[in-house]
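Take a look at the structure set out below.
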Amino acid sequence: MSNASIYLDHAASTPLRPEAREAMLPFLEGHFGNPSSIRRFGREARAALEEARARLARVIGAAPAEVLFTRAGTEADNLAVLGRARTQPGAPVAVSAVEHKAVLASAHAAEEAGSPLVLLPVDGDGVIRLDSVDAVLGQRPAVLSVMWANNEVGTLQPVGEIAARCRAAGVAFHSDAVQALGKVPVRVDQVAADLVAFSAHKVGGPKGVGALYVRRGTRLHPLLFGGGQERGMRPGTEDVAGAAGFAAAAEGAEAERETAMTRIGALRGRLEARLRAAVPGVVVNAAGAPRLPTIGNLSVPGADPEALLMGLDLEGIAVSSGSACSSGAVEPSHVLTAMGIPAALAGPSIRFSLGWTTTDAEIDRVLEVFPRVAERVRGLA
Ligand code: PLP
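Residues in the sequence shown are numbered from 1 upward in steps of one, following the working numbering.
Right under this line is the structure:
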C-alpha cells in the first residue's frame with residue numbers, strides 16, 4: 001500500500017459503523033414521522049426513539065428516562081454546565097483545566113453570567129489533583145466537571161473517586177465521556193456521576209447527535225425553549241434516525257470493546273515505542289497516566305507541527321495537531337500547557353488516534369514514513 005489513505009484521526013470523528021447505518025435507514029426513508037405526533041407515523045417514530053433511548057441507557061447502566069438526546073456532544077456539555085450553573089446563580093462552577101472547549105467555554109459563559117470559575121489543575125500526565133477537588137467542594141459549586149478521558153492525550157481521570165467525593169459533599173458532578181464511550185467502561189451504575197455527556201460520531205454513529213445522562217433528581221435548567229421534547233430539557237423535534245444510529249453504534253462498539261481495545265492498545269504501543277526509538281528526541285505525552293488505548297500524543301522537538309501534518313498528509317496519513325491555530329499564530333494546546341509541558345515540546349505535538357478500522361499494515365506504513373517526514377521537517381526548521 002503506497003499512498004493509500006490511512007486514517008489515524010478517530011478522536012476527531014469516526015467512520016459510520018455498518019450497524020448504525022442499517023439502524024438509520026428506515027427513518028431516513030419511509031418512517032419519517034414526527035415523534036411528537038400522536039397519529040400512526042408519529043407513533044412509529046416515537047417507538048423507535050424510545051427504543052434507541054432504552055438501548056443507549058442499557059449500554060451505560062442508566063434508566064431510559066435518564067437519557068436525553070441532544071444535538072451533539074457540545075450541546076450535552078453546554079446543557080450540563082450552564083444548565084446546572086443556572087440552578088444556583090452566583091455559586092462557583094469548577095472544571096478541570098484540560099476539559100474540551102465544549103465544557104471550558106460553557107464555564108466561561110457561566111462566569112460572565114456571574115458564576116465564579118474555578119479551574120482545577122492537573123499533574124504532568126494530565127491527571128486531576130484530588131486535593132484540588134476536595135478544596136473546591138467546600139465552596140459548594142453548582143457543578144464540578146472533570147472529563148472521563150481526555151481527547152488530546154487520552155488521560156483517564158479517576159472519575160469514580162471524584163464522583164464519590166462530590167456525592168458526599170452534595171455537589172453535582174458532570175463528566176464529559178465523549179471520548180471514553182466504547183473504549184473504557186462508562187457505567188453510571190458504577191460511577192456516581194450526576195451528568196454525563198456523549199457524542200454519536202466518536203463511536204461510529206452519525207454527526208450532530210449527542211446525549212446527556214441526567215441522574216434522576218438532578219435539577220437542570222434548559223438552554224433552549226420551545227416544545228416539551230426531551231422532558232422540556234432539549235426542545236426541538238428529535239432526530240429519530242440519528243438516535244437509532246447512535247444507539248446501534250454504541251451497542252456495537254461496546255460489544256467489541258474488550259477485544260478491539262486489546263488489539264488497538266498493542267498497535268498504539270508498537271507505534272509509540274518504535275517512533276521513540278527511530279526519531280531522536282520524541283516524547284510521548286501523558287505516558288505515565290492510565291490512558292485510552294486509542295490515543296498517542298507525541299512531541300517532536302524542532303519540528304513545525306503544521307509542516308509535519310502536511311508532510312504526513314501528502315503521504316496519505318491523517319493525524320491531528322496538538323496545537324490550536326488561532327489568529328494566525330500556532331499556539332500550544334491548553335491541555336499540554338496545563339500539564340506543564342514547555343512550549344518547545346507542547347508546540348510540535350501531534351495526535352495519533354486509532355480506531356476499529358486501524359490495521360497492522362497501516363501502522364507499519366506510518367513507522368516507515370514518519371521518521372523520514374520528521375527528519376525533513378526538522379531540516380526545514
Ligand atoms: N468533548 C470531547 C472530549 C470531544 O472530544 C468532543 C469532540 O471533539 C466534544 C466534546 C464535542 O462533541 P461534538 O463534536 O459531538 O460536538
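Quick reminder that beta carbons are idealized off the backbone N, C-alpha and C, glycines included.
>> At the level of alpha carbons, what is the spacing between V214 and G340?
In response: A straight-line Cα-Cα distance of about 34 Å links V214 and G340.
>> Quick check: the Cα distance between M24 and D239, rounded to an integer number of angstroms?
In response: Whole-angstrom Cα-Cα distance: 10 Å.
>> I'd like to check one pair, E230 with L82: are the Cβ atoms closer than 7 Å?
In response: No, these two residues do not count as a Cβ contact at 7 Å.
> In chain order, which beta strand (DSSP E) runs of at least 3 residues are fully inside the region 276 to 342?
Replying inline: Runs of the beta strand (DSSP E) inside the region 276 to 342: 295 to 299, 324 to 326 and 329 to 331.
>> Does the beta-carbon of S353, which I'm using as the reference point, lie nearer than 6 Å to any heavy atom of ligand 1?
In response: Result no, Cβ not under 6 Å from ligand 1.
>> Assess contact between the region 341 to 351 and the region 251 to 260, defined as three or more Cβ pairs (one per stretch) separated by less than 8 Å. Is contact present?
In response: With the cut-off at 8 Å, the region 341 to 351 and the region 251 to 260 do not touch.
> Between P290, F246 and L298, which lies nearest to A20 when the distance is taken from Cα to Cα?
Replying inline: Per the C-alpha coordinates, the member of P290, F246 and L298 positioned closest to A20 is F246.
> Is any heavy atom in ligand 1 found nearer than 6 Å to the beta carbon of T74?
Replying inline: True, at least one ligand heavy atom lies under 6 Å from that Cβ.
> In whole angstroms, what separates the C-alpha of R291 from that of Y7?
Replying inline: Put simply, the backbone Cα of R291 is about 20 Å away from that of Y7.
>> Would G281 and G73 qualify as a contact pair, given that the criterion is a beta-carbon distance under 7 Å?
In response: The Cβ atoms of G281 and G73 lie no closer than 7 Å to each other.
>> Would you say L367 lies against chain C (beta-carbon separation less than 7 Å)?
In response: Included in the structure is just one protein chain, with no chain C present.
> I think A149 touches V171, with their Cβ atoms under 8 Å apart; what is that distance to the nearest whole Å?
Replying inline: Wrong, their Cβ atoms sit about 22 Å apart, outside the cutoff.
>> I need the boundaries of the alpha helix (DSSP H) containing F27, first residue and last residue.
In response: Segment P18 to L28, the alpha helix (DSSP H) holding F27.
>> Just to check my reading of the structure: G126 and A307 have Cβ atoms closer than 8 Å, yes? What is that Cβ distance to the nearest angstrom?
In response: G126 to A307, Cβ: 26 Å. No contact.
> For the alpha helix (DSSP H) that L144 lies in, which residues bound it at each end?
Replying inline: L144 -> not in any alpha helix (DSSP H); beta strand (DSSP E) instead, spanning V143 to S145.
> When the Cα of D77 is compared with those of R86, S145 and A338, which residue comes out closest?
Replying inline: The shortest Cα separation from D77 among R86, S145 and A338 belongs to S145.
> Under the criterion of a Cβ to heavy atom distance below 6 Å, does H100 qualify as lining ligand 1?
Replying inline: Flag set: Cβ of H100 near ligand 1.
> CB-CB under 8 Å to E44, same chain, minus the five flanking residues each way: which ones, in chain order?
Replying inline: Only H31 and G33 meet the Cβ criterion.
>> By DSSP's criteria, D9 is part of a beta bridge. Which residues make up the other side?
In response: Answer is S353, bridged to D9.
> Can you give, in chain order, each stretch of the beta strand (DSSP E) that sits fully within the region 105 to 173 and has at least 3 residues?
Replying inline: Within the region 105 to 173, the complete beta strand (DSSP E) runs of at least 3 residues are 117 to 120 and 143 to 145.
> Going by the CB atoms, is the gap between F27 and A244 shorter than 7 Å?
Replying inline: With respect to the 7 Å criterion, A244 and F27 are classified as neighbours on the basis of their beta carbons.
> How should Q157 be labelled, buried or exposed, when 16 other C-beta atoms within 10 angstroms of its C-beta is the threshold for buried?
Replying inline: Its Cβ being crowded by 16 or more others within 10 Å, Q157 is buried.
> So what does S96 bridge to, in DSSP terms?
Replying inline: Beta-bridge pairing links S96 to L120.
> In the structure shown, what three-state DSSP assignment does L79 receive?
Replying inline: The answer is helix: DSSP assigns L79 an H, G or I state.
>> Quick check: the region 196 to 204 against the region 216 to 230, are at least 3 beta-carbon pairs closer than 8 Å?
In response: The region 216 to 230 vs the region 196 to 204: no contact.
> Between the beta-carbon of E66 and the beta-carbon of R276, is there less than 7 Å?
Replying inline: With respect to R276, E66 sits apart: the two C-beta atoms are not nearer than 7 Å.
>> Tell me which residue opens and which closes the beta strand (DSSP E) that F69 is part of.
In response: V67 to T70 is the extent of the beta strand (DSSP E) around F69.
>> Please report the straight-line C-alpha distance between G138 and R234, rounded to a whole angstrom.
In response: Between G138 and R234, the C-alpha separation is close to 31 Å.
> Cβ atoms of T294 and S264: under 7 Å apart, would you say?
Replying inline: Residue 264 is actually Ile in this sequence, not Ser. In contact: I264 and T294 (Cβ atoms closer than 7 Å).
> Looking at the structure shown, is S2 part of a helix, part of a strand, or coil, going by DSSP?
Replying inline: Confidence at S2 is low in this model, with a pLDDT of 47, below 50, so its placement is unreliable and no value can be given for it.
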